[in-house]
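Peer 1: Below is a structure I'd like to ask you about.
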């Protein structure tokens, strides 16, 4: 049995989630419902939960700020949030779990199943990446948590030259010639890295434009990357690539 705490300032949302857990996730016992980050800081040490459902958008102290005030995180975290692109991107960067409100029954069951199978609190590096991304969404030298079959790898974003699709997986190519196979498809990786220096140039490739050494013209053309790899550019994505490169052209 997983002992859980729900932290949400909206009573309707917290009660609805508690009801869904009782009905569809019998392996979860709701030990407490907290309506603020402050009350959660008191209840969490008292109940010693294995799982916390944490709302992000709360007045006075949001979910991320509450995490910063905890001396240690000895429980699994599932964030709950209305659509907030910065918060969601921060969560994806750190490879943590979240549920969009209103919470979907099937997504809840999947999230809880992952917790029961993994049963491991988030790594300190994951929380570091999460909070850094949330507080400073545009800073350089950020890292991303890459989920692999063995666990998680924390990788500086600017060390990635390109990402290559491999069915439901993605191969990250790094400057040091290392290759990392991630348990995410390329579309999911693109969603996390969009808005940074990455552009999708082909259905199989996402490239770091800072690592492009040469663009060779053609129907779509191809790229020569800093690591020597040649990457095809599809006709449909050629114009987007050239637009991305435009600010750096003579």
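Numbering (our numbering), first residue to last: 889 to 1138. All residues carry an ideal CB built from backbone N, CA and C; glycine is no exception. Remember, predicted model here, so these are calculated numbers, not experimental data.
Compute the distance between the beta-carbons of residue 1095 and residue 1110, then report whether it is under 8 Å.
Peer 2: Taking the chain shown and counting its residues from 1, the one referred to as residue 1095 is at position 207. Taking the chain shown and counting its residues from 1, the one referred to as residue 1110 is at position 222. Cβ distance not < 8 Å, so residue 1095 and residue 1110 don't count as in contact.
Peer 1: Taking only three categories from DSSP, how would you classify residue 1055?
Peer 2: Your numbering for residue 1055 matches position 167 in the chain shown. Three-state DSSP puts residue 1055 in coil, outside helix and strand.
Peer 1: In angstroms, rounded to a whole number, what distance separates the CA positions of residue 829 and residue 1080?
Peer 2: For residue 829 there is no data in the structure shown, the boundaries of the chain being 889 and 1138.
Peer 1: In the DSSP assignment, what are the bridge partners of residue 1096?
Peer 2: Taking the chain shown and counting its residues from 1, the one referred to as residue 1096 is at position 208. Partner(s): 1086.
Peer 1: Just to confirm before moving on: does the CB-CB distance between residue 1107 and residue 1123 stay below 8 Å?
Peer 2: Start at 1 with the first residue of the chain shown, and residue 1107 comes out as number 219. Start at 1 with the first residue of the chain shown, and residue 1123 comes out as number 235. Yes, Cβ-Cβ distance for residue 1107 and residue 1123 is below 8 Å.
Peer 1: For residue 894, which residues does DSSP report across the bridge?
Peer 2: In the chain shown, counting from the first residue as 1, residue 894 sits at position 6. Per DSSP, 921 and 941.
Peer 1: How do the region 932-944 and the region 957-971 stand: do at least 3 beta-carbon pairs fall below 8 Å, yes or no?
Peer 2: They touch, by the three-pair rule.
Peer 1: Going by DSSP, name the residue or residues bridged to residue 1113.
Peer 2: The residue you call residue 1113 lines up with position 225 of the chain shown. Its beta-bridge partners are 1100.
Peer 1: Would you say the region 905-921 touches the region 942-956, given that touching needs at least three Cβ pairs under 8 Å?
Peer 2: They do not touch, by the three-pair rule.
Peer 1: Measuring only the C-alpha atoms, how far is residue 973 from residue 1104?
Peer 2: Here residue 973 corresponds to residue number 85 of the chain shown, with the count starting at 1. Here residue 1104 corresponds to residue number 216 of the chain shown, with the count starting at 1. Approximately 35 Å between the Cα atoms of the pair.
Peer 1: Can you tell me where the beta strand (DSSP E) holding residue 1141 begins and where it ends?
Peer 2: Given a span of 889 to 1138 for the chain in the structure shown, any question on residue 1141 remains unanswerable.
Peer 1: Looking only at its chain, what residues have a beta carbon closer than 8 Å to the beta carbon of residue 1217, apart from the 5 residues adjacent to it on each side?
Peer 2: Because the chain spans 889 through 1138 in this model, residue 1217 falls outside it and cannot be assessed.
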